[in-house]
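Undergrad: If you use my numbering, the sequence shown corresponds to residues 96 to 357, in order. Take a look at this one; I'll ask things after.
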Amino acid sequence: MDLGLKGKGALVMASSAGLGKAMALELAREGANVMLFSPFEEELKTAQADIKAAAGIEPAYTVGDITVYDDIKKAVQNTAAKFGSVDILINNTGGPPAGPFDGFDDNVWQKAFELTLLSYVRAIREVLPYMRQNQWGRILNSTSSSIKAVLDNLVLSNTLRAGVVGLSKTLSQELGKDGILVNVIAPGRIGTARTISLDQMRADKQGIALEDQIAQTAKIIPLGRYGSPEEYGKLAAFLCSGANTYITGQAILVDGGMVKAL
96 MDLGLKGKGA LVMASSAGLG KAMALELARE GANVMLFSPF EEELKTAQAD
146 IKAAAGIEPA YTVGDITVYD DIKKAVQNTA AKFGSVDILI NNTGGPPAGP
196 FDGFDDNVWQ KAFELTLLSY VRAIREVLPY MRQNQWGRIL NSTSSSIKAV
246 LDNLVLSNTL RAGVVGLSKT LSQELGKDGI LVNVIAPGRI GTARTISLDQ
296 MRADKQGIAL EDQIAQTAKI IPLGRYGSPE EYGKLAAFLC SGANTYITGQ
346 AILVDGGMVK AL
């Protein structure tokens with residue numbers, strides 16, 4: 096299937112590693128022009144080389160902090176200048192700190208808000224003029240399976256990721272007339288560094304080995320295994336593509352059937 100991504104300008108946030116890099120790679124494989132964004136320049140250079148080797152297209156990159164509005168503006172401006180427009184935005188970020196409600200003061204909550212929700216708002220605000228001008232756009236907000244079923248010891252993520260869903264659903268209603276589709280994609284257990292770090296925390300709490308924790312978790316996944324970043328990236332590429340013409344306002348889990356919520 097031709098996804099119709101050739102020549103599209105795409106900005107992928109937090110894309111030097113993990114799921115962000117995986118989504119950027121799949122866009123590049125389909126012919127999109129990709130702008131990577133991360134505060135880690137050496138990791139960006141590695142991601143740039145890896146994606147070029149795998150996809151045959153070298154992405155550009157912008158170094159910046161996702162919690163700094165001027166850096167987000169710079170990333171959008173660089174994407175438009177490099178590729179002629181911003182057709183696709185994938186919002187993505189690492190998670191806020193893990194811990195219970197009593198463990199966080201207002202300062203931590205504010206920083207988590209700026210990282211997990213406000214950064215998405217700001218990036219969307221900046222790309223909308225380009226998408227409206229083209230009467231075409233795809234916005235994909237990457238979150239967490241906690242949008243369907245809260246996760247233990249992740250009160251910050253549970254709370255703020257739900258806000259991303261509310262934002263996305265609202266924008267799908269407001270932006271449909273402009274040819275802009277807005278969706279949410281959420282991972283279950285995907286084999287990334289973030290997932291392994293959370294598994295290590297759970298293993299330590301139970302006093303068991305990391306490998307035993309992973310095996311224990313895999314048992315509750317109907318498919319019996321963790322997902323791969325590539326599997327996540329392929330769905331992202333479709334939702335951001337011209338092949339997707341009628342899916343908007345949806346929150347889709349990539350979790351191997353793990354979450355039992357409707």
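For each residue, glycine too, the CB sits at the ideal point set by N, CA and C.
Check M130 in the structure and name its three-state DSSP category.
TA: Of the three classes helix, strand and coil, the one that applies to M130 here is strand, per DSSP.
Undergrad: Would you mind working out which of G302, Q295 and S323 sits nearest A193, comparing C-alpha positions?
TA: Comparing Cα-Cα distances from A193 to each of G302, Q295 and S323, the minimum goes to Q295.
Undergrad: Return yes when the Cβ of K243 is within less than 8 angstroms of the Cβ of V354, no when it is not.
TA: Closer than 8 angstroms, so yes.
Undergrad: List, from N- to C-terminal side, the alpha helix (DSSP H) runs of 4 residues or more that fit wholly inside the segment 205 to 268.
TA: Entirely contained in the segment 205 to 268, the alpha helix (DSSP H) runs reaching 4 residues are, in chain order, 214 to 229.
Undergrad: On the three-state DSSP scale, how would you describe T157?
TA: Strand at T157.
Undergrad: Does the count of Cβ pairs from the segment 131 to 140 and the segment 151 to 164 closer than 8 angstroms reach three?
TA: Contact holds: three or more Cβ-Cβ distances are below 8 angstroms.
Undergrad: Determine the contact status of R284 and T312, defining contact as a CB-CB distance below 8 angstroms.
TA: Closer than 8 angstroms, so yes.
Undergrad: Taking the alpha-carbon positions, what's the P191 to G271 distance?
TA: Rounded to whole angstroms, P191 to G271 spans 31 angstroms at the Cα level.
Undergrad: Would you check if there are 3 or more beta carbon pairs closer than 8 angstroms linking the segment 224 to 236 to the segment 183 to 190?
TA: Short answer: they touch.
Undergrad: Would you kindly work out how many angstroms separate the C-alpha atoms of A257 and S241, rounded to a whole number?
TA: Distance between the alpha carbons of A257 and S241: 8 angstroms.
Undergrad: Spell out the partners DSSP gives G194 in its beta bridges.
TA: G194 pairs with L249.
Undergrad: Apart from the five residues just before and just after F199, which ones in its own chain have a Cβ nearer than 7 angstroms to its Cβ?
TA: Excluding sequence neighbours, F199 sits near L251.
Undergrad: Could you tell me if L223 is buried or exposed, where buried requires 16 or more neighbouring beta carbons within 10 angstroms of its beta carbon?
TA: The residue in question, L223, is buried, as its Cβ has 16 or more Cβ neighbours within 10 Å.
Undergrad: To the nearest angstrom, how far is the alpha carbon of G102 from that of T287?
TA: Distance between the alpha carbons of G102 and T287: 29 angstroms.
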